[in-house]
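> So the protein sequences, as listed, match chains S and D.
Our numbering puts the first sequence at residues 1 to 378.
Our numbering puts the second sequence at residues 379 to 602.
For each residue, glycine too, the CB sits at the ideal point set by N, CA and C.
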Amino acid sequence: MQTATDSTERGLPTWARSVVVFLLIYGFLVGVSLLENGIKVMGADTQEALFSSVNNPLAGLFIGVLGTVLVQSSSASTSVIVGLVASGALGVDNAVPMVMGANLGTTVTNTLVSLGSMRQSAEFRRAFAAATVHDFFNLMAVAIILPLELATGILSDLAESISDQLVGSAGSEWKSPIKKWVKEPVGWVKDIYEGVGLETNLLGTIMVITGLIIILLALTFITKNMRQLVADRVERSLNAMLGAGGGTVAMLLGLIITIAVQSSSITTSIMIPLAAAGVVTLPNIYPVTLGANVGTTITALLAALAASRPEALTVGIVHTLFNVTGILIIYPYKPIREIPIRLAEGLANLAVERHLVVVIYVVGLFLIVPLVGVAILR
Amino acid sequence: MVMSFFRKGETGIEAIAHRTISMLGDARHSFDLASAAVLSGADPEAVGADVRDTDERINRAEQEMRGELVVHAAVHGTENIAVVMSYTLLIKKIERIGDQAKNILDLADEGVSLAREPDSDVLLEHRRTISTMMSEVADLLGEPDEEKVADFRERADELRRELENQIRGYMHSEEPASYAVPRAILYRYWKRIVANLAGVITSVTEPLQHQGYADDGETDITDD
Chain S
1 MQTATDSTER GLPTWARSVV VFLLIYGFLV GVSLLENGIK VMGADTQEAL FSSVNNPLAG
61 LFIGVLGTVL VQSSSASTSV IVGLVASGAL GVDNAVPMVM GANLGTTVTN TLVSLGSMRQ
121 SAEFRRAFAA ATVHDFFNLM AVAIILPLEL ATGILSDLAE SISDQLVGSA GSEWKSPIKK
181 WVKEPVGWVK DIYEGVGLET NLLGTIMVIT GLIIILLALT FITKNMRQLV ADRVERSLNA
241 MLGAGGGTVA MLLGLIITIA VQSSSITTSI MIPLAAAGVV TLPNIYPVTL GANVGTTITA
301 LLAALAASRP EALTVGIVHT LFNVTGILII YPYKPIREIP IRLAEGLANL AVERHLVVVI
361 YVVGLFLIVP LVGVAILR
Chain D
379 MVMSFFRKGE TGIEAIAHRT ISMLGDARHS FDLASAAVLS GADPEAVGAD VRDTDERINR
439 AEQEMRGELV VHAAVHGTEN IAVVMSYTLL IKKIERIGDQ AKNILDLADE GVSLAREPDS
499 DVLLEHRRTI STMMSEVADL LGEPDEEKVA DFRERADELR RELENQIRGY MHSEEPASYA
559 VPRAILYRYW KRIVANLAGV ITSVTEPLQH QGYADDGETD ITDD
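#1: Listed in chain order, which residues of the segment 230-253 of chain S have Cβ atoms closer than 7 Å to some Cβ of chain D?
#2: Check whether the Cβ atoms of residue 442 of chain D and residue 470 of chain D sit closer than 9 Å, and answer yes or no.
#3: Would you say the segment 54-72 of chain S touches the segment 93-111 of chain S, given that touching needs at least three Cβ pairs under 8 Å?
#4: I'd like to know if the segment 122-131 of chain S and the segment 342-353 of chain S are in contact, where contact means that at least 3 CB-CB pairs between them fall below 8 Å.
#5: Whose CA, out of D/575, D/535 and D/525, lies closest to the CA of residue 513 of chain D?
#6: Who are the near neighbours of residue 596 of chain D in its chain, counting only those whose CB is closer than 7 Å to its CB and skipping five residues on each side?
#7: Which bits of chain D does residue 273 of chain S rub up against, with CB to CB less than 8 Å?
#8: Ignore the nearest five residues each way along the sequence and tell me which others in residue 509 of chain D's own chain have a CB closer than 8 Å to its CB.
#9: Name the DSSP beta bridge partners of residue 597 of chain D, please?
#10: Distance cutoff 9 Å, beta carbons only. Does residue 510 of chain D sit that close to anything in chain S?
#11: Which residue marks the beginning of the alpha helix (DSSP H) containing residue 587 of chain D, and which one marks its end?
#12: Assign residue 360 of chain S to one of three DSSP states: helix, strand, or coil.
#13: Find the residues of chain S that neighbour residue 445 of chain D, judging by a C-beta separation of less than 7 Å, and give them in chain order.
#14: Would you give the residue range spanned by the alpha helix (DSSP H) that residue 648 of chain D belongs to?
#15: Considering only their Cβ atoms, is the gap separating residue 306 of chain S from residue 175 of chain S smaller than 9 Å?
#16: Would a C-beta distance cut-off of 9 Å place residue 296 of chain S and residue 262 of chain S closer than the cut-off?
#17: Among S/117, S/85, S/28 and S/135, which one has its Cα closest to the Cα of residue 292 of chain S?
#18: At a CB-CB cut-off below 7 Å, which residues of chain S make contact with residue 387 of chain D?
#19: Hey, is residue 602 of chain D's beta-carbon within less than 9 Å of any beta-carbon in chain S?
#20: Is the segment 61-72 of chain S touching the segment 13-21 of chain S, taking contact as three or more C-beta pairs under 8 Å?
#21: On the three-state DSSP scale, how would you describe residue 118 of chain S?
#22: So is residue 577 of chain D in contact with chain S if we call contact Cβ pairs under 9 Å?
#23: Can you tell me whether residue 306 of chain S is helix, strand or coil according to DSSP?
#24: Comparing alpha-carbon positions, which option in D/460, D/546, D/552 and D/499 lies nearest residue 588 of chain D?
#25: For residue 367 of chain D, report the span of its alpha helix (DSSP H) as first-last.
#26: Looking at chain D, is there any beta carbon in it that lies within less than 9 Å of the beta carbon of residue 260 of chain S?
#27: Tell me the DSSP secondary structure of residue 80 of chain S in three-state form.
#28: Determine the burial state of residue 480 of chain D: buried for a count of at least 16 other Cβ atoms within 10 Å of its Cβ, exposed for fewer.
#29: Quick one: Cα of residue 8 of chain S to Cα of residue 494 of chain D, how far?
#30: Using a Cβ-Cβ distance cut-off of 9 Å, determine whether residue 473 of chain D contacts chain S.
#31: Can you tell me whether residue 233 of chain S is buried or exposed, with buried defined as 16 or more other CB within 10 angstroms of its CB?
#32: Once you ignore the five residues that flank residue 466 of chain D on each side, which residues in its own chain have a CB closer than 8 Å to its CB?
#33: Less than 7 Å between C-beta atoms, sequence neighbours within five positions excluded: which residues of the same chain meet that for residue 78 of chain S?
#34: Looking only at its own chain, which residues have a Cβ that is under 7 Å from the Cβ of residue 75 of chain S, when we skip the five neighbours before and after it?
Below you can see the structure in the form of structure tokens.
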């Protein structure tokens, strides 16, 4: 038999890969800082023109969905949002709906993965339900929490008080130790661009684009390397889950795997082939996806470490609180907990009967509705 | 479950490899017990529960390992796909050996007893040979050795031909049906067990598309 490839045998040894991940995290923080500084370099008028459209919370929500669908990573989109808040161009109130939108948009990845089983009805039914249970949970969470937040500001207030305790009050300058570490390379990049004659808006735009590219590349390679580093551990714990079933322990597992690989899409997408094969049931997958929802918020918190304003951390904490609150509202009471499962099963049955439903659902929910929403509400 | 993420341990494929060997050990246990019921006068009722429990354990192991193989493929992608498919084929063959051991017990349940018969020594010798082959296969799965595999396959082919000749002999035998039929059936089960063992061992050396076949994919080993 051909020997199985051990994850530590592929390419770099474990220690070297760990160093690479550390450097990539540093690069990611430099990217966030570049983005923040790039926005700051732009004039106030440009900032106003860029971000006035998100004054409407629903528009912000849709922009969050679209941005995340575009980059296929809520970690990337929420990090960008944190960077924008850190620059002062985007307020916490406007950032909160965007973060919720990012949470919705990230579910498109595993829905797309489930389409791979489309030719086999039984497999597709299981895979599509497993993918869309995540969508329905997040839609329910937004439907409940966004109006509550808009009416009371409960999440942002709580996040702000936590942020106050940790790094100081809003409006102040936070002396982040990480910020000091990333200051130098950001300065070098800025100097290089200024050296070729760039200034004000053009300089800011190029710095923002550079920051975005660095963030996306760093996150992509962090995820890739971390996946290799922890693949055997993920496999072992998933095997343990097969024997033990779902529940809160599965949720914890989803959280840990997602923190380890820095991507909820990786965690949830791994579950789709397992669901398609019938190895894991929908009720067992459901808590894993909820854990992944919480786990993915670590990236925005990490990004906030490179920011100079406490508001950036507040947004990162809002992201975590939103997902934890969603679980606390929806998961404990069985009749409410099962709503996303029933909806996902119903949609999967429809999708198996008519594949057009899949196209309408995916394109409608993740593209047309947000695009139309932004066009109308901005 | 959560702690398993933090603990160091064997990789998924290593765990599957160990379970495969243990599954083969269970199959051998069933085979020895069932054969004892037919050939050594052991009480079929006394050994029946153990054989059936062991068969259930083998079946459960096969089902769990299929799940674990899907998990491996989902986590590692396509990089180990050949290994995943090899194990999928291999564990099915071992599961069949467990079923065939149970079939031998069915003979004893039907009242067939070949203990103290004129050909008992020959039958017992075959039983010993096949049981030893199961142990050899388990060893070779644990520590693959191309020369030993080639030697094993040669002996397995020879034994299958010999068992086939016995079956043909009983099909045309002048002996009464009560003599010829149980022997023909027993030899048939043995032949299938040896064929499945040969199929299992092909996974050690052959490329995926030839596993379960001999002569570079020309001859079907397991379903002849």
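Reading off the structure:
#1: Under the 7 Å Cβ criterion, the segment 230-253 of chain S contributes 231, 232, 233, 234, 235, 236, 237, 238, 239, 240, 241, 242, 244, 249, 252 and 253.
#2: The residue labelled residue 442 of chain D in the question sits at position 64 within the second sequence. The residue labelled residue 470 of chain D in the question sits at position 92 within the second sequence. In this structure, residue 442 of chain D keeps its C-beta atom at 9 Å or more from the C-beta atom of residue 470 of chain D.
#3: Segments in contact, yes.
#4: In the pairwise beta carbon analysis, the segment 122-131 of chain S is classified as touching the segment 342-353 of chain S: at least three pairs are separated by under 8 Å.
#5: Your numbering for residue 513 of chain D matches position 135 in the second sequence. Among D/575, D/535 and D/525, the Cα nearest to that of residue 513 of chain D is on D/575.
#6: The residue given as residue 596 of chain D occupies position 218 in the second sequence. Nothing meets the Cβ criterion.
#7: Counting from 1 along the first sequence, the entry for residue 273 of chain S is found at position 273. What residue 273 of chain S touches in chain D: 448, 451 and 452.
#8: Stepping through the second sequence from its first residue, residue 509 of chain D is reached at position 131. Hits under 8 Å: 406, 409, 410 and 413.
#9: Numbered from its first residue, the second sequence carries residue 597 of chain D at position 219. Beta-bridge pairing links residue 597 of chain D to D/592.
#10: Translated into positions along the second sequence, residue 510 of chain D becomes position 132. Judged by the 9 Å Cβ criterion, residue 510 of chain D is not in contact with chain S.
#11: What you label residue 587 of chain D is simply residue 209 of the second sequence in a count that begins at 1. Run containing residue 587 of chain D: none; DSSP gives neither H nor E here.
#12: Counting from 1 along the first sequence, the entry for residue 360 of chain S is found at position 360. The three-state reading of DSSP puts residue 360 of chain S in helix, counting H, G and I together.
#13: Translated into the one-based positions of the second sequence, residue 445 of chain D becomes position 67. By Cβ distance, chain S contributes 242 and 279.
#14: Past the edges of chain D, shown from 379 to 602, lies residue 648 of chain D, and the structure says nothing about it.
#15: Looking up residue 175 of chain S in the first sequence gives position 175. Looking up residue 306 of chain S in the first sequence gives position 306. Cβ atoms of residue 175 of chain S and residue 306 of chain S: not closer than 9 Å.
#16: The count along the first sequence starts at 1 and reaches residue 296 of chain S at position 296. The count along the first sequence starts at 1 and reaches residue 262 of chain S at position 262. Cβ atoms of residue 296 of chain S and residue 262 of chain S: closer than 9 Å.
#17: Counted from its first residue, the first sequence places residue 292 of chain S at position 292. The residue with the shortest Cα to Cα distance from residue 292 of chain S is S/135.
#18: To locate residue 387 of chain D, count along the second sequence from 1; it is residue 9. Chain S residues near residue 387 of chain D: 236.
#19: Taking the second sequence and counting its residues from 1, one reaches residue 602 of chain D at position 224. Residue placement at residue 602 of chain D cannot be trusted, given a pLDDT of 49 that sits under 50; the coordinates are not used to answer.
#20: Segments in contact, no.
#21: Residue mapping note: residue 118 of chain S aligns to position 118 of the first sequence, counting from 1. Residue 118 of chain S: coil per DSSP, three-state reduction.
#22: One-based indexing of the second sequence puts residue 577 of chain D at position 199. No Cβ of chain S is located within less than 9 Å of the beta carbon of residue 577 of chain D.
#23: Translated into the one-based positions of the first sequence, residue 306 of chain S becomes position 306. DSSP, read as helix, strand or coil, puts residue 306 of chain S in coil.
#24: For the purposes of this step, residue 588 of chain D is taken as the residue at position 210 of the second sequence. The residue from D/460, D/546, D/552 and D/499 with its alpha-carbon nearest to that of residue 588 of chain D is D/460.
#25: No statement about residue 367 of chain D is possible, as the shown extent of chain D runs from 379 to 602 and does not include it.
#26: Taking the first residue of the first sequence as 1, we reach residue 260 of chain S at position 260. Taking CB atoms only, residue 260 of chain S has a neighbour in chain D less than 9 Å away.
#27: The residue you call residue 80 of chain S lines up with position 80 of the first sequence. When secondary structure is reduced to three states using DSSP, residue 80 of chain S falls in the helix class.
#28: Within the second sequence, numbered from 1, the residue matching residue 480 of chain D stands at position 102. By the neighbour-count criterion, in which 16 or more other beta carbons inside 10 Å mark a residue as buried, residue 480 of chain D falls on the buried side.
#29: Residue numbering aside, residue 8 of chain S sits at position 8 when the first sequence is read from its first letter. Residue numbering aside, residue 494 of chain D sits at position 116 when the second sequence is read from its first letter. Any answer about residue 8 of chain S is weak, because its pLDDT of 46 lies below 50 and its placement is not dependable; what the coordinates show is given next. Going from the Cα of residue 8 of chain S to the Cα of residue 494 of chain D covers about 58 Å.
#30: Your numbering for residue 473 of chain D matches position 95 in the second sequence. It does not: the Cβ of residue 473 of chain D has no partner Cβ on chain S nearer than 9 Å.
#31: On the first sequence, residue 233 of chain S is found 233 positions in, with the first residue counted as 1. When all chains shown are included, residue 233 of chain S counts as buried.
#32: Locating residue 466 of chain D in the second sequence gives position 88, where the first residue counts as 1. For residue 466 of chain D, where only same-chain residues beyond five positions count, the Cβ hits under 8 Å are 444 and 447.
#33: For the purposes of this step, residue 78 of chain S is taken as residue 78 along the first sequence, with counting starting at 1. So the qualifying residues of the chain are 99, 102, 299, 300 and 319.
#34: As a first step, residue 75 of chain S must be located in the first sequence, where it is residue number 75. Here residue 75 of chain S has 219, 262, 263, 296 and 299 as same chain residues with Cβ atoms under 7 Å from its own Cβ, once five neighbours each way along the sequence are excluded.
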